[in-house]
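Asks: In this note's numbering, the protein residues as written are 513 to 834. Don't be surprised by glycine CBs; every beta carbon is placed ideally from N, CA and C.
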DNA sequence: AACGCGGGGAA
DNA sequence: TTCCCAGCGTT
């Protein structure tokens with residue numbers, strides 16, 4: 513059996529000329545986002561990164577402005593009532609992020625002297641900060657050299673270097689290697705590169721309808737464009753459940769609780785046809801720390817309930833924010 | 001590696 | 001309706 517044909521010569525990284533072109537494009541066309549301002553604090557950048565996890569920039573902007581006004585330092589958020597934090601999170605989605613962000617503020621206040629820690633390991637130890645966010649804070653807040661691999665950067669590098677249309681749902685070892693190899697050596701250049709290539713993915717090399725005519729890599733550096741922009745063999749295939757999911761009902765319950773404590777009838781009315789689903793979602797919200805049970809008040813003058821009744825699940829009361 | 005976790009805007 | 005969005009934590 514003869515050896516398989518040699519793969520086409522892959523470039524595992526972008527030449528310096530290409531990174532310089534992307535940085536020049538960014539200087540010309542990048543958005544003026546407030547967390548990119550030179551005087552943005554490390555804390556404010558950390559907050560922006562958490563909010564931007566799975567939530568688009570345009571929706572984050574007003575919430576971030578309000579948070580920075582109300583809680584300009586970690587100690588401010590650490591001291592805030594959690595219910596207020598969840599209300600201020602509003603409809604950014606995935607409200608567990610808000611809980612983790614407040615926990616993060618408390619750890620920074622109590623264990624790091626109120627300063628966002630440096631180093632990938634110390635950052636990853638904070639609640640809600642994973643591989644991407646630790647690298648992003650290192651690069652954007654501390655101006656350190658770190659390989660940032662968000663969905664935008666992964667898409668740009670996979671298209672230009674691999675010639676594939678989509679990077680897939682998860683960061684792979686191969687993609688880690690691409691981001692590491694493409695990172696400019698100089699610290700300052702590496703920071704600019706991360707910002708620039710991320711922005712290129714957000715504005716030009718988009719998932720849906722890329723604007724290749726505006727791309728500085730189109731002519732000489734993009735394998736995907738050279739191949740005629742082939743669609744991937746398999747669709748992204750991320751079947752995301754829609755109506756009827758627990759996630760949707762959890763969101764509806766949280767919307768109710770943001771307005772104030774809610775009685776059991778109001779919660780049950782969100783899905784009158786499926787009390788079991790309501791019960792399940794109430795339970796997971798409480799378990800997640802996003803809601804608190806309101807104990808049922810025994811009827812005035814009534815005799816004590818049966819002593820053996822240790823489980824009150826059947827007698828669910830209302831819920832409120834923690 | 002796969003799954004659950006919100007919500008809104010665009011194709 | 002579907003897809004996508006500066007992902008993370010758990011199993």
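Taking the continuous beta strand (DSSP E) assigned at residue 804, which residues delimit it?
Replies: 804–806
Asks: According to the neighbour-count rule (16 or more other Cβ atoms, all chains shown, within 10 Å of its Cβ), is residue 718 buried or exposed?
Replies: exposed
Asks: I want to know whether the region 537–552 touches the region 603–620 - three or more CB-CB distances under 8 Å.
Replies: no
Asks: Spatial neighbours of residue 535 within its chain, please: C-beta separation below 7 Å, excluding the five flanking residues on both sides.
Replies: Listed in chain order, the non-local C-beta contacts of residue 535 below 7 Å within the same chain comprise 704, 705 and 708, local neighbours out to five positions each way being set aside.
Asks: Taking the alpha carbon of residue 603 as the point to measure from, which residue in 740, 676, 766 and 587 has its own alpha carbon closest?
Replies: 766
Asks: Within this structure, are the beta carbons of residue 803 and residue 782 separated by less than 8 Å?
Replies: no
Asks: Pairs of beta-carbons, one from the region 692–699 and one from the region 711–729, closer than 8 Å: are there three or more?
Replies: no
Asks: I need the boundaries of the beta strand (DSSP E) containing residue 832, first residue and last residue.
Replies: Taken as a continuous stretch (DSSP letters only), the beta strand (DSSP E) holding residue 832 covers 830–832.
Asks: List, from N- to C-terminal side, the beta strand (DSSP E) runs of 3 residues or more that fit wholly inside the region 601–653.
Replies: Listed in chain order, the beta strand (DSSP E) runs fully inside the region 601–653 amount to none, counting runs of at least 3 residues.
Asks: Classify residue 586: buried if its beta carbon has 16 or more other beta carbons within 10 angstroms, exposed otherwise.
Replies: buried
Asks: Out of curiosity, what's the CA-to-CA distance linking residue 559 and residue 684?
Replies: 26 Å
Asks: Express the C-alpha separation of residue 599 and residue 590 in angstroms, rounding to a whole number.
Replies: 15 Å
Asks: Between the Cα of residue 564 and those of 645, 531 and 722, spot the shortest distance and give me the residue it belongs to.
Replies: 645
Asks: Whole angstroms is fine: what's the gap from residue 639's alpha carbon to residue 566's?
Replies: 17 Å
Asks: Whose C-alpha, out of 801, 654 and 592, is nearest the C-alpha of residue 556?
Replies: For residue 556, the nearest C-alpha among the options comes from 654.
Asks: Does residue 739 come out as helix, strand or coil in the three-state DSSP assignment?
Replies: Residue state, collapsed to three classes: coil.
Asks: Express the C-alpha separation of residue 662 and residue 702 in angstroms, rounding to a whole number.
Replies: 15 Å
Asks: Got a sec, what are the start and stop residues for the alpha helix (DSSP H) residue 664 sits in?
Replies: 663–669
Asks: With respect to the alpha helix (DSSP H) encompassing residue 655, which residues constitute its N-terminal and C-terminal limits?
Replies: Per DSSP, residue 655 lies in no alpha helix (DSSP H) segment and is marked neither H nor E.
Asks: Please classify residue 610: is it buried, with 16 or more other beta-carbons within 10 angstroms of its beta-carbon, or exposed?
Replies: When all chains shown are included, residue 610 counts as buried.
Asks: Figure out for me which residue from 570, 621 and 728 has the closest Cα to the Cα of residue 530.
Replies: 728
Asks: Quick check on residue 756: buried or exposed, where buried means 16 or more other Cβ atoms within 10 Å of its Cβ?
Replies: exposed
Asks: If you measure between the beta carbons of residue 795 and residue 808, is that distance less than 8 Å?
Replies: no
Asks: In three-state DSSP terms, what is residue 591?
Replies: DSSP places residue 591 outside both helix and strand once states are collapsed to three, so it counts as coil.
Asks: Less than 8 Å separating the beta-carbons of residue 713 and residue 668?
Replies: yes
Asks: Determine the direct distance from the alpha carbon of residue 670 to that of residue 799, and round the result to whole angstroms.
Replies: The alpha-carbon atoms of residue 799 and residue 670 are separated by roughly 39 Å.
Asks: What residue range does the alpha helix (DSSP H) around residue 530 cover?
Replies: According to the DSSP assignment, residue 530 belongs to the alpha helix (DSSP H) that extends over 528–541.
Asks: What residues match up with residue 774 in a beta bridge as DSSP calls it?
Replies: 831
Asks: On a CA-only basis, which of 792, 630 and 724 is nearest residue 652? Give me that one, please.
Replies: 630
Asks: Can you look up residue 717 in the DSSP assignment and give me helix, strand or coil?
Replies: The answer is coil: DSSP assigns residue 717 none of H, G, I, E or B.
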